[in-house]
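Undergrad: Taking full-length UniProt numbering, I'd label the letters of the sequence shown as residues 1 to 137.
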Amino acid sequence: MEWEKINTNALLEIREEKKIETWEDAKKWALEKNNFFRLGKKIIGLAEQNKIFLEYTTLNNDFKQRLKNENRYTDEKEIGEKRPTVESPSKLTWSPDWSIDDILEDSEKTKAWLEKKKEDEKKKANGGKRKGKKKKK
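#1: Assign Ala10 to buried or exposed, taking buried as 16 or more other Cβ atoms, counted over all protein chains shown, within 10 Å of its Cβ.
#2: Exposed or buried, Glu39, counting other C-beta atoms within 10 Å across all chains shown (16 or more means buried)?
#3: Any idea what DSSP makes of Ser99, helix, strand or coil?
#4: What residue range does the alpha helix (DSSP H) around Ile43 cover?
#5: Use the C-beta contact count for Ile100: other C-beta atoms within 10 angstroms, 16 or more gives buried, fewer gives exposed.
#6: Would Phe37 and Ala30 be called neighbours here (beta carbons separated by less than 7 angstroms)?
#7: Where residue 161 and Thr110 are concerned, what is the direct C-alpha to C-alpha distance, given to the nearest angstrom?
#8: In whole angstroms, what separates the C-alpha of Asp120 from that of Glu55?
Below is the structure:
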């Protein structure tokens, strides 16, 4: 019901602006090149002024307060004051306890497993070779 009212109001405003007398003339005008987009802009403009639309697009006070609380470390820093460091998740390392299904389902575990395989291959490729070092007697 709201949208019908908004659409009708948009058409009425355009009829007044363009001095279009009948609904048939308004329909013809709307179907002309670029006029359909002008009508769409008018409808969007009226919808943005609607109470229902405003309720969905405005932030509530509680949300704003939570944002302030989350950003308080950056907002209230004074010179010389240390901030608590935000802990980043540690790098996942391969575990022999993982099943093949675990590795295939979790992308992080897949990456860790591939890294482990690359390391093992490098060790195999180097074998027992020591570069630039002499054997001790």
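Even for Gly, the Cβ is constructed at its ideal location relative to N, Cα and C.
TA: In short:
#1: Along the sequence shown, read from residue 1 onward, the residue named residue 10 stands at position 10. When all chains shown are included, Ala10 counts as buried.
#2: Here residue 39 is taken as the residue at index 39 of the sequence shown, counted from 1. Looking at the sequence shown, residue 39 is not Glu but Leu. Label assigned to Leu39: buried.
#3: The residue you call residue 99 lines up with position 99 of the sequence shown. Note: Ser99 maps to coil in three-state DSSP.
#4: Locating residue 43 in the sequence shown gives position 43, counting from the first residue. Per DSSP, Ile43 belongs to the alpha helix (DSSP H) from 35 to 48.
#5: As a position in the sequence shown, residue 100 is number 100, starting the count at 1. The residue is exposed, with fewer than 16 neighbouring Cβ atoms inside 10 Å.
#6: For the purposes of this step, residue 37 is taken as the residue at position 37 of the sequence shown. For the purposes of this step, residue 30 is taken as the residue at position 30 of the sequence shown. No, the pair does not count as a contact, with Cβ atoms beyond the cut-off.
#7: Outside the modelled stretch of the chain, which goes from 1 to 137, sits residue 161, for which no answer is possible.
#8: Here the question's residue 120 lines up with position 120 in the sequence shown. Here the question's residue 55 lines up with position 55 in the sequence shown. In a straight line, the C-alpha of Asp120 is about 59 angstroms away from that of Glu55.
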